[in-house]
Amino acid sequence: MSTLNITRSLVSATNPTEDQFDTIRDELLAYFNGTELEATNIADGGMLYTSLTLAADDDPLLWEDSDSRLEYVSATNNFLIRCNTGEIVFQNKIGTTSAESLRMETTGALTIGAGGIPKIGQGNSSTAMDLVHALARYRKPRLEYTDDDIITIENNTGTSGQTVLFQRDQVTAVVDRTLSLAVEANGYAGAHTGAAVSGRKVALARATNTWYYIYGVQVQGGDDIGGNSIMVADTTSPVQANCAGLDTAYGAGKWVYLGIIRNGYNDGTNTNIIVPFQYDEYGELRFTKTTSQASDGMGIVLASATASTDLDYAMAFGTGAAEIPVVALRGTLMGYRSGYGFEMYYIDDSTAEVHALNTNYQHTSGESQLTATAVLDIPFMNSYTIRLKIGSTSTTNKIRLAALVDHYV
Amino acid sequence: MSDLSLTKNYADTELLYKADIDDMLTELEAKTNGMIDSDNVASGWATLGQLTIDKDLTLTMGTTDSSSVELDSVTLDFTFSNTYSTGNTIFKVASAEVARIDGTSNNLEIQDDVYFKDRNTTYSLFRLLGTYRKPVLVYIDGDSIDMENNTETANQSLVVFPSGPVAVTEDTAAAHKYRRLETGATANGYGSTHTGAADSGLRVDVTLAANTWYFIYAVRVRYGDNAGNNFIMVMDTTEPISSNETTLDSRYGSGEWVYLGTVRRGFGDTATTTLVSWQQDHQGWTYFVDRGTADDFFGIRVASETISSTTYSNLFTIAAGTDGESIPSIFSALKLDIRAIADGDSDIGANFEFRTAAGNSLHNLPSIGNEQIADGAQGFIIKVPNTVGAALGAKRLSTSGDDYTVKLFVSGFLDHYV
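Read top to bottom, the protein sequences are chains A and F.
Taking the numbering used here, the leading residue of the first sequence gets -17, the next gets one more, and so forth.
Taking the numbering used here, the leading residue of the second sequence gets 92, the next gets one more, and so forth.
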């Protein structure tokens, strides 16, 4: 609407006629009914609204001919904040001093103002995470041995007794940090009720001389839903081909692999106890004890015999008694011979060639010597055999798995 | 605008004069022109089809300019201001808060996760922090290298570049643009002159040579038909050390390359133009898993000597480099396999030492025995620091009996830069 400027059509010292009043009336009607208000009508600083509404979807609030805009986009239902040429800045302004708190750059980068840090997972106060702190300090928690039946998980924050896990879609806190192979897990499925419990996967029996893969799984049923997780022991490995199955069992993105434990030494006696271990941050699992048998090396028995012939172990992968878990890329095998020396070979079955060996013990095969042990640090491969090459004297010979590097931790 | 008074100077019994009318019209004009404000409009009146604000003018919220939005004519920044230091700027979707800027700390507090929209819409910050592992290199055959399938999606590899995460899905049994590198191919798609389909391969201007170490990079495709959120593998002879970063940035784009690992072409004395098969782990170790010829051990043969003297002599001295028996400087440790070949009778054995350049012994290594089991073999495995000038030496314990032939293999390495 243009500036109001009514034509002064009346004549001085005469009575106005109806037509003269009508002329003025028509101008006023045309002005107020036929046009709209313009900036020239508005007082500086005068537009104070209790609400300001853009009439229809997609009507924008523009700055300077669309250089910047705020807009509700009906096609996507998005609220659009756009700056066409510069960058989008959020700031705190105290008096005349402005401090930038956040900038969305033209590169797409998000820059946080001085002193500020990004925090994620704020929707769950128990696991809210300072991102910078997480980058500096977060380590996936290690599994820790407790006793024959129980493992725990590392306290990996500055809060005593707390374990947090970065998972594929959120950060969780491990609500039950003790896993017993004697109990079943509860809380990882939507149908579960009651308190969350770490344990074996439901309906999975505890078996002797078996490897168990341990997963951190979000609590999705029962009393502890909401940013919590438990540990679940399973015999399904985390190799790529099993990911879909694990997604089905635990929910897509709701699990993270923590490591592997072993139930049973496969020594014929101690077959249903967790083998003591240490995990390091680099995925190396080292067994830390021998069995109740004589000091014949630490770890799992893969082959054992009392004989005067060479002792062989054909590399085999799986969760069984004398198998190496498929997550193991390489590791340490230990050879033992009672009272005599030996040579320890890693043999390619296809060519019968020795591709690695350790013979750091001298011996005369027919004479009694010190009891010998030797280790081989080797890549684990199919169609290879570990051989303890011995002399002609019958002795007790063993091959043990002493350590492995877990490729998936 | 103040109230309209329309001053009445006349009485009911008086004639209406022109001046009376004109005075009222003048007042009406004065009140209308430039004086209308929110007092004059009905509730809900401010429903606009469009509202445009000049640069440097603010859309202000609150009676004391508490919050405002402004487009700056100089910087062209679109600025949202909150004048309360203790107040927060809050973002909501529907009625739920999704993020806030803390007015006191400047912290950006996000209720849930962060996604990298530009580079990839799937791999969030939680996911990267929780489950991402840089893909390892996978040996396929003497001329081919794959990249690990490191997500739960079959045939997919995810690489976090400094510029953002990129995932590529490709069945390398059917195609080999991205996740398979064939040593006979020339890499395409990383340079500004590149056109056509992307391909993994040897960097342009690098020659495929025998007995040479090659450094493998994931490089984002920025040119040609597949430019965008794709990457290729490039085989290069430039190490990823700090002093080379400028070169690599110039070659592949700043923030557009990630070092994946080192491969070796050539076993040493034999099979000098085939990739030496390996297993790479996520801890930086690569173990070689094949030998060049019968009676060799895993890895690259760097020495084959007959030990006859009772005085130490060096079998192998570490030298930095990328060809022959030299060792890339990015390795922090080496795994060495020693194999002694004797005739099986009671020969006097040999002693070994690993020495630094200054002649100091780092390790007194075990002797190889006086005797071996019939048809047996002798040797051992050690891990040593990759120190230029350091050497593995050996001597006979006695000159009696047969001499020993000793072979030395680099059977693995710890890569400091993976």
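Cβ coordinates follow ideal geometry from the N, Cα and C atoms, glycine included.
As the structure is a prediction and not an experimental result, all values here were calculated from the model.
For Q104(A), which residues does DSSP report across the bridge?
Position 122 of the first sequence, counted from the first residue, corresponds to residue 104(A). Paired residue(s): none; Q104(A) is not in a bridge.
Where T272(A) falls, given that 16 or more other Cβ within 10 Å makes a residue buried
Stepping through the first sequence from its first residue, residue 272(A) is reached at position 290. The residue is buried, with at least 16 neighbouring Cβ atoms inside 10 Å.
For Y378(F), return the contacting residues in chain A, with the cut-off set at a CB-CB distance below 7 Å.
Within the second sequence, residue 378(F) is the residue found at index 287, counting from 1. Per Cβ cutoff of 7 Å: R312 and P361.
To the nearest angstrom, how far is it from the Cα of E243(F) to the Cα of T170(F)?
Numbered from 1 along the second sequence, position 152 holds the residue referred to as residue 243(F). Numbered from 1 along the second sequence, position 79 holds the residue referred to as residue 170(F). Going from the Cα of E243(F) to the Cα of T170(F) covers about 41 Å.
Ends of the alpha helix (DSSP H) at G221(F)?
If you number the second sequence from 1, residue 221(F) lands on position 130. Note, G221(F): alpha helix (DSSP H), L216 to T222.
Return the residue from the list V501(F), F306(F) and T143(F) that minimises the CA-CA distance to F379(F).
For this step, residue 379(F) is matched to residue 288 along the second sequence. Here the closest residue by C-alpha is V501(F).
By DSSP's criteria, L142(F) is part of a beta bridge. Which residues make up the other side?
In the second sequence, counting from the first residue as 1, residue 142(F) sits at position 51. The partner list for L142(F) (beta bridge, DSSP) reads L43(A).
Using a Cβ-Cβ cutoff of less than 7 Å, which residues in the same chain neighbour L113(A) once the five nearest sequence positions on both sides are dropped?
Within the first sequence, numbered from 1, the residue matching residue 113(A) stands at position 131. Taken in chain order, the residues that qualify are I99, P100, K101 and I102.
Of all the options N224(A), I329(A) and N168(A), which has the alpha carbon lying nearest to the alpha carbon of D292(A)?
Working through the first sequence from its first residue, we reach residue 292(A) at position 310. For the residues N224(A), I329(A) and N168(A), the minimum Cα distance to D292(A) belongs to I329(A).
Can at least three beta-carbon pairs, one atom from the segment 344 to 355 of chain F and one from the segment 491 to 509 of chain F, be found at a separation below 8 Å?
yes
Reference T192(A), options V157(A), P123(A) and I255(A), closest by Cα:
On the first sequence, position 210 is the one that residue 192(A) refers to. Of V157(A), P123(A) and I255(A), the residue nearest in Cα terms is I255(A).
Report yes or no: is there a C-beta of chain F within less than 9 Å of the C-beta of Y327(A)?
Residue 327(A) sits at position 345 when you count from the first residue of the first sequence. Taking Cβ atoms only, chain F reaches closer than 9 Å to Y327(A), which makes this a yes.
For a contact defined as C-beta to C-beta under 7 Å, what are the partners of H285(F) on chain A?
Numbered from 1 along the second sequence, position 194 holds the residue referred to as residue 285(F). By Cβ distance, chain A contributes nothing, its closest Cβ being about 23 Å from H285(F), past 7 Å.
Which partner residues of A385(A) appear in the DSSP bridge assignment?
Here residue 385(A) is taken as the residue at index 403 of the first sequence, counted from 1. Note: A385(A) sits in a beta bridge opposite R268(A) and T314(A).
Is the segment 182 to 190 of chain A close to the segment 204 to 219 of chain A, with three or more CB pairs under 8 Å?
yes
For L240(A) and G198(A), believed in contact at Cβ under 8 Å, the rounded distance
Position 216 of the first sequence, counting from 1, holds the residue named residue 198(A). Position 258 of the first sequence, counting from 1, holds the residue named residue 240(A). Rounded, the Cβ-Cβ distance is 5 Å, consistent with contact.
Report the partner residues of V71(A) according to the DSSP bridge assignment.
Stepping through the first sequence from its first residue, residue 71(A) is reached at position 89. BP columns for V71(A) point to R85(A) and T170(F).
7 Å Cβ cut-off: residues of chain F touching N(-13)(A)
Working through the first sequence from its first residue, we reach residue -13(A) at position 5. Per Cβ cutoff of 7 Å: E120.
Starting from D330(A), trace the beta strand (DSSP E) in both directions and tell me its first and last residue.
Position 348 of the first sequence, counted from the start, is the residue given in the question as residue 330(A). Note, D330(A): beta strand (DSSP E), E325 to D330.
From the beta carbon of N74(A), is the nearest beta carbon of chain F less than 9 Å away?
Sequence index remark: in the first sequence, residue 74(A) carries index 92 (1-based). By this cut-off, N74(A) is an interface position.
Which class does F14(A) belong to by DSSP, given the choice of helix, strand or coil?
Sequence index remark: in the first sequence, residue 14(A) carries index 32 (1-based). Helix, per DSSP.
Quick one, which of R392(F), N197(F), S333(F) and G221(F) has its alpha-carbon nearest K204(F)'s?
What you label residue 204(F) is simply residue 113 of the second sequence in a count that begins at 1. According to the sequence displayed, residue 204(F) carries Asp and not Lys. Taking only the C-alpha atoms, the option nearest D204(F) is G221(F).
Give the straight-line distance between the Cα atoms of T397(F) and Y495(F), rounded to the nearest whole angstrom.
The residue labelled residue 397(F) in the question sits at position 306 within the second sequence. The residue labelled residue 495(F) in the question sits at position 404 within the second sequence. Going from the Cα of T397(F) to the Cα of Y495(F) covers about 6 Å.
List the residues that DSSP assigns as beta-bridge partners of T149(F).
In the second sequence, residue 149(F) corresponds to position 58, counting from 1. BP columns for T149(F) point to E161(F).
Would you report the Cα separation of N246(F) and T251(A), rounded to the nearest angstrom?
For this step, residue 246(F) is matched to residue 155 along the second sequence. For this step, residue 251(A) is matched to residue 269 along the first sequence. Straight-line Cα distance between these residues: approximately 44 Å.
Out of curiosity, what's the CA-to-CA distance linking N379(A) and D129(A)?
Here the question's residue 379(A) lines up with position 397 in the first sequence. Here the question's residue 129(A) lines up with position 147 in the first sequence. Each residue's Cα considered, the two are about 28 Å apart.
Please confirm whether L228(F) has its beta-carbon closer than 9 Å to some beta-carbon of chain A.
Along the second sequence, read from residue 1 onward, the residue named residue 228(F) stands at position 137. Closer than 9 Å: no.
For a test of the three-state rule: what should DSSP assign to I9(A), helix, strand or coil?
Here the question's residue 9(A) lines up with position 27 in the first sequence. As written in the sequence, residue 9(A) is Glu, which differs from the Ile given in the question. In the structure shown, E9(A) sits in a helix (DSSP, three-state: H, G or I).
In whole angstroms, what is the alpha-carbon distance linking L125(A) and I133(A)?
Sequence index remark: in the first sequence, residue 125(A) carries index 143 (1-based). Sequence index remark: in the first sequence, residue 133(A) carries index 151 (1-based). Cα-Cα distance, rounded: 7 Å.
Residues in its own chain within less than 6 Å of S159(F) by CB, not counting five upstream and five downstream?
On the second sequence, position 68 is the one that residue 159(F) refers to. Closer than 6 Å at Cβ, skipping near neighbours: T149, T151 and S172.
Buried or exposed for T117(F), please, with buried defined as at least 16 other CB atoms from any protein chain shown within 10 angstroms of its CB.
What you label residue 117(F) is simply residue 26 of the second sequence in a count that begins at 1. Answer is exposed; the Cβ neighbour count stays below 16.
Going by DSSP, what residue range makes up the alpha helix (DSSP H) through K236(A)?
Here residue 236(A) corresponds to residue number 254 of the first sequence, with the count starting at 1. Looking at the DSSP string, K236(A) is not in any alpha helix (DSSP H), and its letter there is neither H nor E.
Starting from the N-terminal side, write out each stretch of the beta strand (DSSP E) that is 3 residues or longer and does not extend beyond the segment 368 to 402 of chain F.
369 to 371, 376 to 379 and 391 to 398
Of all Cβ atoms in chain A, is any one closer than 9 Å to the Cβ of K426(F)?
The residue labelled residue 426(F) in the question sits at position 335 within the second sequence. So yes, K426(F) belongs to the interface.
Does the CB of E444(F) have a neighbour CB from chain A at under 9 Å?
As a working mapping, residue 444(F) is identified with position 353 in the second sequence. Output row for E444(F): interface = no.
Residues of its chain near D158(A), where Cβ-Cβ distance is below 7 Å and the 5 sequence neighbours each way are ignored
Counted from its first residue, the first sequence places residue 158(A) at position 176. Cβ within range, chain order: A178, V179, S180 and I212.
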